[in-house]
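> Quick one: the structure is below, questions incoming.
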Amino acid sequence: MISLENDSIRLVIHEPSGTIVELLDKRTNTQHLLARRPELELMEPGMGILEAEPLIKASRRIISVSGSSVVLGVESGGITLVKEVALNGPRVTIRVKANGVNRIRELIHTACGEGGYWGEALGAMYNCRYFVKFGFPEPPNSFSAVGLRPPVSGFRFSKHTYSDRYFPELGWVAFVNEDRKVGLLVRCLTGCYGVVEDQFFNVELNLVANGSGAVELGYELIPFNGLGRVDYADDELIIGIESPSIIKPGDSINGALAIYPVSRIGEVKVEGHVRLVKSMPVLGRRGYDVDRVRIGESKLNLTMEINTINVKPGQALAVGFKTEALGWSMEDTLYSVPYLEFSINGKLASRAFSINPDYAAAVEALGRVNPSLVSRLDTWVDEVEGFYDDKSASMGVYELAAEDFSSRIRLVKRRQLPEEAIKVLKEYLAGGVKVYPAIFLNLSEFTRGGYVTTALADLILKLAISHVYLGSPIGDALKGLEAIASAFEREELIHWFNGIHGGAGSGGMLQLTLAYDLLEDELPSDLKLRLMLMFRWAQGELIKLTNAWAGNWELTEALALLAISSKFNFRNSKLGLIKAEAVFRNALGYFLNDGGWLEESAGYHNAVLNLVTWGAELLRLNGVDIYSVARGGEPVIKRAVYWLWNLLDPRYRMPALEDSGDDLPNPDPFIISGVRYGDPVLVKVGLKLLELGARPTSPLSTIALADGLNILGNPIEPKHSEVTVLDDSGRFIVRSEDSPKATYFILDYGPHGAWHGHPDKLSFELHSNGEPLIVDAGSGGYYSELHWTWHRRSIAHNTVTLRDEDQVETRGRLIRYWVEGSNVYASFEADTYPGVRHRRGVAGLGKFIYVILDEVNGVGRFRWNIHCMGNVVSMGRNYAVLSTSSTEYTVVFPRTPEVTYGWRGHHIKTTYMYYEEDSNGVLRMWGVVAPFRADVKVSGDIVNITGGDVYGNYSIDLSMLYSLLIR
C-alpha cells in the first residue's frame, strides 16, 4: 500500500492495481472511498479492481513517488498505462494515460460519506443524494423535452436496484449525505462521460474517456462539508441552494444559499432572483401539444439576509433568502419553469423547482383525510429533481391521502402462557441480541456512529415481550421505537435492507412488526403514526426487492414483507401478502428430495429453516397452510427439519462443511415444526438444544410451544441411525453409537452448493470423544482475506487435489455402501478436474477407525490433504500422533507427510498435513485415522495399529480393501 497524506486528506493506494482503497477527509473524519481489499489482492476482475478498461491484471510498478504524489505504470499485451495520483491541498488529482487502446474507464465506489464498496463500509443511507452537471442545453422552440431538465440533476440513492444512468458531456458529479452534510465532488478535467449505478449499499461512478490509440482521462476528487446538495461547482467554489423541490401556488420560499470555498477567495458578493422561463418543451412535458406558444422569461425579486460575506477555505457558510409569494396562472406559469438563481462573485448557480397547482390540490386532499400528515411531507421530489417531470410530482401525496392506517390482525395473542412456554420465553430473552451485520458492530451497543442497527430490533422485541408477558416497564421499548422512527425520518434506516449483504437486514422488520403488534394499544398516538409511516415505506421497498428466486436474502425480504402486510391494512398489503406467499411456496421447491437446502451448507440450511418456519407461522395467521405442502408423500418442511437433525454431530452441532461453522442450530424450527406436525422427536430435539446452550431467536417458538405442550408427554425420544445416507444433498454419515462421545464420520459427495459451496468433493470430517478431530475449513467470514485465500480452496479440505489447484464445481456419487457386522464400507467417485476421476473408498472398522483409500485416474502431481485439530506430539516415518486438549489420536500415511498449518473458521489454527505423488494414468493414495494414540507399523500393504487393551489391535490389508472398494 502507498499512503499520501496532507492536512486535509489521507489517501491509500493499492500498489499492484493502482486502486485508491481509502480516501479520508481528515477535517470531518469522513471516509469517501473504500475498496474490498481481500478480493483486490486476487488481482482478478470482480469486487476490487477499479480500472475497468483497459483491464490489466499485471502488477503496476512505481515510476516515481513523493509525499504528495505517485506515478504507477504497467505494460501488457501491447498496452501501456500510466496513472498519476497527486494531492493538491484539499483535492486529489488523477490522470490516467494509455497507449494502444480506444477507451479508458475508471470505476469509483462511494457511499455518500459512509465508505465505499460493499462489506468494507457501513454503506449508503437513503439520505444519499448525487447531483450531476452534464449534457447539452435545452433546444429552443421545440416540443422535444430531451434537453429539459434542471441545471443540475439530483437523484436519490435507490438501494439494491442496480439501475444505470448515463450522463454525456459530464462536467461533475457530487455525492452528498443530505443529513450529515458531507460529500465528495468528482470533477472531470478532460472530456469524459459518466455512468452512475445505484448498487446494494453504494453508488458506482464510471468515468469514461474515448480516443484512438492514445487516450487520457483526468479528474479530481474534492471532499467537502456543510452542504446538503450541490448546484454549482468549479475549482474555487461548491454551492448548494437549499429549498423545496415543489411548492403550492401562493407560497413563498424560505431557503439558504450554502457556499463551500475550495480555495482562498476572501470576500464574496451574492445576489439572487427567481427567473421564470417559458418554452415549448415545458408544455410538451406537462402534456400539451399546441401550434404556437409565447417564448420568454421574467424575473421576480428575492431578499438575501446579507449580500457580502467573507469565506475561508474548507468552511461552509449559509446565507438565508426569501422569495415573494409565487403565484400561478394559466396564461404564464402553466408553461414556465421557475429557477432560483444566484450570482456569487459573477458565478451563476441555478436550481429549478415547481410551482404546482396539482400539488396544492393533493395537499388539500391529504389535509381533509389526515391533517397530521401534511407537516410531514418530504420537500424533496424525485420527479422534479432528476429530469423535471413535475406533472407527476404530486402522486406520492395522493397515495398518502388514499392510505389506510389501520391494523388487519393480531400477530401475537396477549395471553397467559403455561410454565413450560415461559421457560422457553426466558431462554429467548436471555440470549444475546442477534446482530445481522455482526462485523462492524459493537455487540454491547445498539448504535454505530449515531446510526441505529439491526441489533436494536431484537432488543425492542425482547423489551416488548418482557413487558407483555413478564410485566416489566414499557419505557425502554418506547425509547427504542422512538429511535427507529427518528432514523426513518432522517432516511438512515438503511440497515433494515442491507445488513451486511443483500436483504438480510430486512429481517429486523419481523421483530419490529411483532413489537408494534404487542404494544399497539399502549403506543402514544404520534409515535404510532410515525411508526406506521415507517412500516408503509418499508413495505414499498420490500415489494420492489422481494422476488421468488428464493435464496436466503429473498426469504428474509419476503418474511419482512409478510410481517408488515399481515399486520397493516395498507393499500399494498394484499399485494405484499400474495408476493410473500409466492416466495415461500417457491422456496419449498428449492429443498432437495432428501430435505437438504440447495446451498448445501448446514448453517444456511438452519437459517433458511428459521425463515421458512417463521413465514409458515405468519401465513397460518392469514389462513394459508404451507406446512402441508408435500413432496413424495412427506411434508417438505418436516423433511427439511429432519435433514438438519440427521446431520448433527454427537454434540448436536452442525458439521462445518461449505460456508458453515460447527455451531448449535437454532431450536426454533425444531420446536415450531414439531408442534405443527405433532412430532415429539422434533420438539424434544429443540428442547435438548436449549439445554445445550442454544437460544431461540424468535418468540414464535414460545407461542407455538404453548399450543403443543401435550406432545411433551409422548415417551418417544430422539435417536440417530448409525448410518445415514442423504443422497440428493450428498451426505454420508456414520456413527459408532448415539451418544455424545461417539465417533462420527461425514463425507460430502453432493452438489456444489451454489454460492455457498466449496470445491471439496469427497472431503470428510471425523469427530470422536466429544470433539472434532479431522476437520473442514468451514467459513472464515466473507470479508476476511482468509475466506478467499484459504477457506474456499480445495487444499483446505480433506480430499485429493491436483497439486494445489482448486477442483471444478461438480458433484460426486455414492457407488455403493454396505454394513458388515460392526464395520461399514462405502465407495464414491467424482470428476474433480478436467480429465481426472477420483474414486474414494471408506472402511469404517468398528465404525471407529477409518481407512481412506483413493484412486486417481488422471495425469499430474496429486496431493492427499488432511486437516487436524491439535498439535503433532509424535512423528514417525508413516504416522503422526496429535493431541488436542483432551484427545490423542493417530493419522497414518504411506510416507512421511509435509506438516504445516491451516485454518478452521475465523481464527482456529489447524495442523495441515499432506503428501504428493506423480501419476501417469492411475495413482493410488491412502490414509488411516485412529481416534486414539496408537503404535503403527506399515509393511507393504499391511498396516498394523496397536491400541492396547483399551482400543484393541487392528491389522489392515490395504490390498484387500482396494479390491473390495475400488474395482
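Residue numbering for the sequence shown follows our numbering, beginning at 273 and increasing consecutively. The beta carbon of each residue, even a glycine, is placed where N, CA and C say it ideally should be. If you're wondering where the values come from, they're calculated on a predicted model, not measured in any experiment.
Would you report the Cα separation of A449 and T365, rounded to the nearest angstrom?
Taking the first residue of the sequence shown as position 1, residue 449 is located at position 177. Taking the first residue of the sequence shown as position 1, residue 365 is located at position 93. The residue you asked about is not Ala; residue 449 is Asn in the sequence shown. Using only the alpha carbons, I get a separation of about 23 Å.
> Taking all protein chains shown into account, do 16 or more other C-beta atoms lie within 10 angstroms of the C-beta of Y434, making it buried, or fewer, making it exposed?
In the sequence shown, the residue the question calls residue 434 occupies position 162. Counting Cβ neighbours within 10 Å, Y434 comes out exposed, since fewer than 16 surround it.
> Quick check on the DSSP output: what are the complete beta strand (DSSP E) runs of length 3 or more inside the region 1133 to 1204, in order along the chain?
Runs found: 1143 to 1147, 1151 to 1155, 1160 to 1164, 1170 to 1176 and 1180 to 1202.
> What do you get for L276, buried or exposed, if any count of 16 or more other CB atoms within 10 angstroms of its CB means buried?
Within the sequence shown, numbered from 1, the residue matching residue 276 stands at position 4. Label assigned to L276: buried.
> So, for L1230: in the same chain, excluding its five sequence neighbours on each side, which residues have a beta-carbon less than 8 Å away from its beta-carbon?
Within the sequence shown, the letter at position 958 stands for residue 1230. Within the same chain, L1230 has close Cβ partners V1123, L1125, W1198, D1213, I1214 and V1215.
> Is the region 570 to 582 in contact with the region 615 to 624, if contact means three or more CB pairs nearer than 8 Å?
No contact exists between the region 570 to 582 and the region 615 to 624.
> Are the beta-carbon atoms belonging to V1163 and V1128 less than 8 Å from one another?
Numbered from its first residue, the sequence shown carries residue 1163 at position 891. Numbered from its first residue, the sequence shown carries residue 1128 at position 856. No, these two residues do not count as a Cβ contact at 8 Å.
> Under a three-way DSSP split, which group does F760 fall into?
Numbered from its first residue, the sequence shown carries residue 760 at position 488. Helix, per DSSP.
> Given this structure, state the Cα-to-Cα distance separating I1228 from P1031, to the nearest angstrom.
Along the sequence shown, one-based indexing puts residue 1228 at 956. Along the sequence shown, one-based indexing puts residue 1031 at 759. When rounded, the distance between both Cα atoms is 31 Å.
> Here's the rule I'm using: 16 or more other beta-carbon atoms within 10 Å means buried, otherwise exposed. How should T1172 be labelled?
In the sequence shown, the residue the question calls residue 1172 occupies position 900. T1172 comes out exposed.
> Roughly how many angstroms separate the alpha carbons of E675 and R843, rounded to a whole number?
Residue numbering aside, residue 675 sits at position 403 when the sequence shown is read from its first letter. Residue numbering aside, residue 843 sits at position 571 when the sequence shown is read from its first letter. So the two alpha carbons sit approximately 6 Å from each other.
> Any contact between the region 500 to 507 and the region 469 to 482? By contact I mean 3 or more CB pairs, one from each, below 8 Å.
Touching, no.
> Any idea what DSSP makes of Q303, helix, strand or coil?
The sequence position of residue 303 within the sequence shown is 31, counting from 1. Three-state result, Q303: strand.
> What residue range is occupied by the uninterrupted alpha helix (DSSP H) comprising A1115?
For the purposes of this step, residue 1115 is taken as the residue at position 843 of the sequence shown. Premise fails: A1115 lies in the beta strand (DSSP E), V1108 to L1117, not in any alpha helix (DSSP H).
> Pull up the CB-CB distance for I518 and Y670, whole angstroms please, since I reckon it's below 8 Å.
In the sequence shown, the residue the question calls residue 518 occupies position 246. In the sequence shown, the residue the question calls residue 670 occupies position 398. Going by Cβ atoms, the distance from I518 to Y670 rounds to 13 Å, so no, they are not a contact pair.
> What residue from R547, V635 and R536 has the CA that sits closest to G586's CA?
Locating residue 586 in the sequence shown gives position 314, counting from the first residue. It is R536.
> Counting along the chain, where does the beta strand (DSSP E) carrying K405 start and finish?
Counting from 1 along the sequence shown, the entry for residue 405 is found at position 133. Residues C400 to K405.
> What separation, rounded to the nearest whole angstrom, lies between the Cα atoms of L1053 and S873?
Here the question's residue 1053 lines up with position 781 in the sequence shown. Here the question's residue 873 lines up with position 601 in the sequence shown. Reading off the sequence, residue 1053 comes out as Gly, not Leu. If you take the alpha carbons of G1053 and S873, they lie about 14 Å apart.
> Please report the straight-line C-alpha distance between A978 and H739, rounded to a whole angstrom.
Taking the first residue of the sequence shown as position 1, residue 978 is located at position 706. Taking the first residue of the sequence shown as position 1, residue 739 is located at position 467. Cα to Cα, A978 sits roughly 18 Å from H739.
> Report yes if the C-beta distance between F1165 and T1073 is below 8 Å; otherwise report no.
Residue numbering aside, residue 1165 sits at position 893 when the sequence shown is read from its first letter. Residue numbering aside, residue 1073 sits at position 801 when the sequence shown is read from its first letter. The answer is no: Cβ separation not under 8 Å.
> Measure from the alpha carbon of W600 to the alpha carbon of each residue in W444, K910, P629 and R459, then state which is nearest.
As a first step, residue 600 is located in the sequence shown; it is residue number 328 there, counting from the start. If we check each option's Cα against that of W600, P629 comes out closest.
> Would DSSP call L327 helix, strand or coil?
Position 55 of the sequence shown, counted from the first residue, corresponds to residue 327. If DSSP states are grouped into helix, strand and coil, L327 belongs with coil.
> Which residues does DSSP pair with F840 in a beta bridge?
By 1-based counting over the sequence shown, the position of residue 840 is 568. S679.
> Could you give the DSSP three-state label for E313: helix, strand or coil?
Within the sequence shown, the letter at position 41 stands for residue 313. Correct three-state label for E313: coil.
> Does the distance from the C-beta atom of L791 to that of A749 stay below 8 Å?
Looking up residue 791 in the sequence shown gives position 519. Looking up residue 749 in the sequence shown gives position 477. Contact: yes.
> Since E441 and F408 should fall inside the 8 Å C-beta cutoff, what is the C-beta to C-beta distance between them, to a whole number of angstroms?
Against the sequence shown, residue 441 aligns to sequence position 169. Against the sequence shown, residue 408 aligns to sequence position 136. So it is a contact: roughly 6 Å between Cβ atoms.
> Buried or exposed, going by whether 16 or more other CB atoms sit within 10 Å of the CB of E1170?
Residue mapping note: residue 1170 aligns to position 898 of the sequence shown, counting from 1. Answer is exposed; the Cβ neighbour count stays below 16.
> Restricting to Cα atoms, I'd like to know which of R948, F1004 and G387 is closest to L920.
The residue given as residue 920 occupies position 648 in the sequence shown. Of the candidates R948, F1004 and G387, the one whose C-alpha sits nearest the C-alpha of L920 is F1004.
> In the DSSP assignment, the alpha helix (DSSP H) including V908 goes from what residue to what residue?
As a first step, residue 908 is located in the sequence shown; it is residue number 636 there, counting from the start. Unbroken alpha helix (DSSP H) run through V908: V908 to L919.
> Terminal residues of the continuous beta strand (DSSP E) containing I511?
One-based indexing of the sequence shown puts residue 511 at position 239. Where I511 is concerned, the enclosing beta strand (DSSP E) stretches over L509 to E514.
> Where does M576 fall in DSSP's three states?
Here the question's residue 576 lines up with position 304 in the sequence shown. Here M576 sits in strand by DSSP.
> G965 bridges to which residues according to DSSP?
For the purposes of this step, residue 965 is identified with residue 693 of the sequence shown, where counting begins at 1. Looking at the DSSP assignment, G965 forms no beta bridge with any residue, so it has no partner.
> Give the secondary structure of Y708 by DSSP, where H, G and I count as helix, E and B as strand, and everything else as coil.
Sequence index remark: in the sequence shown, residue 708 carries index 436 (1-based). Model confidence at Y708 stands at a pLDDT of 31, short of 50, so the residue's coordinates are unreliable; what they give is reported in the following sentence. The answer is coil: DSSP assigns Y708 none of H, G, I, E or B.
> I'd like the list of long-range same chain contacts for V583, defined as Cβ closer than 7 Å, with 5 residues on each side in sequence excluded.
On the sequence shown, residue 583 is found 311 positions in, with the first residue counted as 1. Result list for V583: I531, P533, I537, V540 and L589, in chain order.
> Going by beta-carbon coordinates alone, are G466 and F427 separated by less than 8 Å?
Position 194 of the sequence shown, counted from the start, is the residue given in the question as residue 466. Position 155 of the sequence shown, counted from the start, is the residue given in the question as residue 427. No. Outside cutoff.
> Between the alpha carbons of G1025 and M315, how many angstroms are there, rounded?
Locating residue 1025 in the sequence shown gives position 753, where the first residue counts as 1. Locating residue 315 in the sequence shown gives position 43, where the first residue counts as 1. Distance between the alpha carbons of G1025 and M315 is about 25 Å.
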